[in-house]
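Participant:
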Amino acid sequence: MAALQHYSLCVQKLIAAGVKANVQITSTSRDHGSCALHACVSGGKSGVESKEQVDIIASLMAYPETNPCLFDGMARTPYMSVDTNLPSVLDIMRPTKPARWKDIQETLERAERDPHISAATALLRLLDGSEVTRLRIPDLLFCEHEGTEEVLEKRRLKLYQLFLGPVTEGSTTNEPLTKAEQEVYTYMWESSEGPPLSDRSGSHNVKLEGLREKARASYEDELSKMLTRTTLAFRQEFEQANRALLDTTAGHVLAIDTPKMNRHPELQPDEVSHARFIRVPVWALTKDFTSAVHALVASEVVRAEGELYDLLSQGRHRYFGDKLYKRIFADEDSQEFWMGLLVLWLIGIHKKQLYEFE
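Going by the numbering used here, the first residue of the sequence shown is number 23, and it counts up by one from there.
Structure below.
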């Protein structure tokens, strides 16, 4: 509330007291998902710039606990929410070191030339103890204030070439990542996916889904080839371990005592795949909801009308335990919705066949 009303002195005192700056509004109002930064740049009196507003934003951005890239209910970061008619607010919200794209790209290029330092470690040094969210990758890759779509697409490709691809491929053959490096690695991959689909239904989700679909379009082919190489590398490492195991007494016994395989010795390894025996779910490819419901009923995923209602209205299902996945099943037109139904269908099929398989 203090940030929303631009009460600068109050915000200063709250920060000094160690306030949690990343708390988000959980009500279903238009401010759903907003944090203090969202409130200051896009809510309340922010239709007109004020010195108090700029001071509060500067204080929040300087506060180490602040995550500058939290997404609100409309899947916007505070920076994405700034109106271009507020030049002072826009300027103070622009990424600064270590979050400038220039700094990140130069850091990764130096790491690429230096065999003694990994890309993840180089970014950790750039952060100099700050939280990894201070890199502000979602803003740098997807915020229109950072440049045209062409500029942003080039950045996404460069991030893959300098970090995502090399670190992923290197982690299969080199030393495993440290815990800190894993945190950076996970953050970079998640941030490169694009803004999440909004918790609110509406046409804006169509735009978000389109953005997520093209988030990795510039390196889709390279990514596919890289994943193929890493899969082969994993297989080679596994084969070495398997051969070493077979040389031991216990390993030799285990190799002989494989009842499921011995029932069908004519099967080749690449044929032992559940996908080989499942019909293609055409309903998922065509997004046919009626057929999807029939498939879910046939696989015993949905056993009553109430279960279907709970799934679609609340994201509740017995497979999920106590967790709710309302966001996934909120928009029938979204890719996540159909992927969610497909996963449930696959689980249902496997559960039906589990007894016979065992």
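The beta carbon of each residue, even a glycine, is placed where N, CA and C say it ideally should be. All values derive from a computational prediction rather than experimental measurement.
Output the distance between the C-alpha atoms of L245 and G169, rounded to the nearest integer angstrom.
Facilitator: Each residue's Cα considered, the two are about 24 Å apart.
Participant: Taking the C-alpha atoms as reference points, what is the distance between Y85 and E74?
Facilitator: Spanning the two alpha carbons is a distance of roughly 16 Å.
Participant: What do you get for H60, buried or exposed, if any count of 16 or more other CB atoms within 10 angstroms of its CB means buried?
Facilitator: Classification of H60: buried, given that the 10 Å Cβ count is 16 or more.
Participant: Figure out for me which residue from L363, E171 and G40 has the closest Cα to the Cα of L333.
Facilitator: Answer by Cα proximity: L363.
Participant: Taking the beta carbon of D113 as the centre, do at least 16 other beta carbons fall within 10 Å, making it buried, or is it exposed?
Facilitator: Flag for D113 reads exposed.
Participant: Looking at the structure shown, is A38 part of a helix, part of a strand, or coil, going by DSSP?
Facilitator: Correct three-state label for A38: helix.
Participant: Determine, using beta carbons only, whether S103 and V63 come nearer to each other than 7 Å.
Facilitator: The answer is yes: Cβ separation under 7 Å.
Participant: Would you kindly report the start and end of the unbroken alpha helix (DSSP H) that includes L146?
Facilitator: Note, L146: alpha helix (DSSP H), A141 to L149.
Participant: Between L145 and V206, is the Cβ-Cβ spacing less than 7 Å?
Facilitator: A contact, by the Cβ cut-off of 7 Å.
Participant: Pop quiz: I371 and Y341 are said to be a contact at Cβ under 8 Å. What is the actual Cβ separation, rounded to whole angstroms?
Facilitator: Wrong, their Cβ atoms sit about 13 Å apart, outside the cutoff.
Participant: Determine the extent of the alpha helix (DSSP H) in which L95 is found, giving its start and end residues.
Facilitator: Reading the sequence as shown, one finds Gly at residue 95 and not Leu. Unbroken run through G95: none, as it is neither H nor E.
Participant: Determine whether the beta carbon atoms of V189 and A142 lie at a separation below 7 Å.
Facilitator: Closer than 7 Å, so yes.
Participant: Go ahead and label H339 buried or exposed: buried means 16 or more other beta carbons lie within 10 angstroms of its beta carbon, across all protein chains shown.
Facilitator: Classification for H339: buried.
Participant: Leaving out the 5 sequence neighbours to the left and right, which residues in its chain are closer than 6 Å to A317 when beta-carbon positions are compared?
Facilitator: Taken in chain order, the residues that qualify are W305 and W367.
Participant: Within 10 angstroms of the Cβ of P160, are there 16 or more other Cβ atoms? Answer buried if so, exposed if not.
Facilitator: So P160 ends up on the buried side.
Participant: Can you tell me which of L92, E322 and S335 puts its alpha carbon nearest to the alpha carbon of S213?
Facilitator: Selected option, being the one with the closest Cα: L92.
Participant: Hey, how far is the Cα of A352 from the Cα of L219?
Facilitator: A352 and L219: Cα-Cα distance of roughly 10 Å.
Participant: Among the candidates R132, V41 and D136, whose CA atom is the shortest distance from the CA of N89?
Facilitator: Selected option, being the one with the closest Cα: V41.
Participant: Are the CB atoms of K348 and Q336 within a distance shorter than 7 Å?
Facilitator: A contact, by the Cβ cut-off of 7 Å.
Participant: Within this structure, are the beta carbons of F164 and G232 separated by less than 7 Å?
Facilitator: Not a contact, by the Cβ cut-off of 7 Å.
Participant: If I measure Cβ to Cβ from R178 and keep anything under 8 Å in the same chain, skipping five residues before and after, which residues do I get?
Facilitator: L163, S214, A237, R238, S240 and Y241, listed in sequence order.
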